[in-house]
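In our numbering, the protein residues as written are 988 to 1191.
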């Protein structure tokens, strides 16, 4: 039976993990870059190892306070789990769930290991859902506005709004963002045409 040492076994096992795994030393140079990292960043392990991780990507916190929370968790528990947005040098934005932990040996810090799972599609779906909810809320607010009692001047067609009388066009634009164009209803146009014809015959 072929003997496989522990280091080889660990390396082989990590290479087939679907999550991105990146290890860095205390000077932020890449010391481990698995196959999933190669596929996500389109950079081989041979090119990545030994280089500062910032040569290949940066990241952005998603919520105010995440940076402080991560620092506190790493200090107290040596690990932090959350979500960040990776910013590869090719201009993409990649949202990931990330678990980052300190790597120590006999109390001496060796570096950090980050395990990342791509959740970009889920984030995009969440953003689309949030946008739809906002649109629905806006539509609901407009419906509620219509349910209010609106005072309209029967003579001028003006609308009373905040104790001021404004034109119907101004009301629709202010409340609902609608632009109003002017035209003549077909029945009114026909009535005017008939009156015009009657007037012409009377003059003859």
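We put the CB at the ideal spot given by N, CA and C, even for glycine. Source: prediction; values computed, not measured.
Scanning 1031, 1005, 1006, 1004 for the CA closest to the CA of residue 1017 turns up 1031. Bounds of the alpha helix (DSSP H) holding residue 1062 are 1053–1064.
Spanning the alpha carbons of residue 1108 and residue 1048 requires a straight line of approximately 18 Å. DSSP links residue 1073 through a beta bridge to 1046, 1081. Taking every protein chain shown into account, the CB of residue 1023 has 16 or more other CB atoms within 10 angstroms, so this residue is buried. Per DSSP, the continuous alpha helix (DSSP H) segment holding residue 1026 begins and ends at 1022–1028. DSSP places residue 1040 within a helical segment (H, G or I) once states are collapsed to three.
Straight-line spacing of the CA atoms in residue 1012 and residue 1102 works out to 15 Å.
Note on geometry: alpha-carbon atoms of residue 1159 and residue 1151 lie some 15 Å from one another. With a cut-off of 8 Å on Cβ pairs, the stretch 1079–1089 is in contact with the stretch 1106–1122, counting three or more such pairs. Cβ atoms of residue 1067 and residue 1061 come within 8 Å of each other, at about 5 Å. Taking the Cβ atoms as the reference, residue 1007 lies roughly 5 Å from residue 1027, within the contact range of under 8 Å. Taking C-beta separations shorter than 6 Å and ignoring five residues to either side along the sequence, the partners of residue 1045 in its chain run 1074, following chain order. According to DSSP, residue pairing for residue 1092 in a beta bridge involves 1095. The DSSP-derived three-state label of residue 1105 is strand. Residue 1091 and residue 1128 have their alpha carbons spaced roughly 56 Å apart. Residue 1013 sits in coil when the DSSP states are folded into three classes, being neither helix nor strand. In the structure shown, the three-state DSSP call for residue 1151 is strand. With fewer than 16 other Cβ atoms from the protein chains shown falling within 10 Å of its own Cβ, residue 1174 counts as exposed.
Close CB contacts of residue 1086 within its chain, under the 6 Å cut and outside five residues either way in sequence, are with 1068, 1102 (chain order).
Between residue 1039 and residue 1015, the beta carbon gap of about 5 Å places them in contact (Cβ cut-off 8 Å).
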